[in-house]
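So my numbering is basically just the index in the sequence shown, starting at one, shifted up by 1398. Yeah, the Cβ is synthetic: ideal placement off N, Cα and C, and Gly gets one too. Since we're looking at a predicted model, the values are computed, not measured.
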Amino acid sequence: MATRSGRNAGDGSPAEERDQTVITTSIGGSVSGQLAIGRDNTLIRTSGPVTPVSQADLIELRQAVDALKAQVAEQAPPEKRAAAVERLDELHEAITASKPKLSAMANVRDWFVRNIPTMAGAVTTVIVNPIVGKLVQAGGDAVVADFKRRFA
């Protein structure tokens, strides 16, 4: 719910003395989308609730990366195994950074596409994991939009 009050009506307040409009807004409940307030239409962007990432989620994500490393050990060409494992460590670090590093995530995926294409799908599966989605969402709207652009 939003409320607005116009010019003060003779109450002697400082705002009236300066001939300014006072705008009061109260927003409650579950809100998302855009909201324009005031003469200059200041734009405030809100997002839906961010689902917190639990320690159990982070452990599950680490297990997914470790399982992928095991798959690399079994299926990757021997001359590319060490580099592939390094890329997966980079992927885990990029995903779990305080703000996910989407360019690093894309670089790892692209490395697999170029070097071990048979495993690129498994790497992408980790990137689009719902836990990664939570981490990306916590990074804010711009990160979410960039993630969708890169990985949708």
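Problem set entry | Exposure of T1444, with buried meaning 16 or more beta-carbon neighbours within 10 Å | In this prediction, T1444 scores a pLDDT of 43, lower than 50, which makes its location untrustworthy; the coordinate-derived value is nonetheless stated afterwards. It counts as exposed.
Exercise. Who are the Cβ neighbours of M1517 in its own chain at under 6 Å, not counting the five residues just before and after it?
Worked result: Result list for M1517: F1510, in chain order.
Problem set entry | Alpha-carbon to alpha-carbon, V1526 and A1520 | If I take the Cα positions, the gap works out to 10 Å.
Exercise. The alpha helix (DSSP H) spanning T1522 covers which residue range?
Worked result: A1518 to I1525
Exercise. Between the Cα of L1466 and the Cα atoms of R1507, S1501, S1452 and P1450, which residue gives the shortest distance?
Worked result: Of the candidates R1507, S1501, S1452 and P1450, the residue whose Cα lies closest to the Cα of L1466 is R1507.
For this session: Rounded to whole angstroms, what's the CA-CA distance from V1534 to V1542? Just pull it up for me.
Result: 6 Å
Exercise. Nearest-angstrom Cα distance between L1459 and K1478?
Worked result: 23 Å
Exercise. Between L1456 and I1529, what straight-line distance do the alpha-carbon atoms span, to the nearest angstrom?
Worked result: 8 Å
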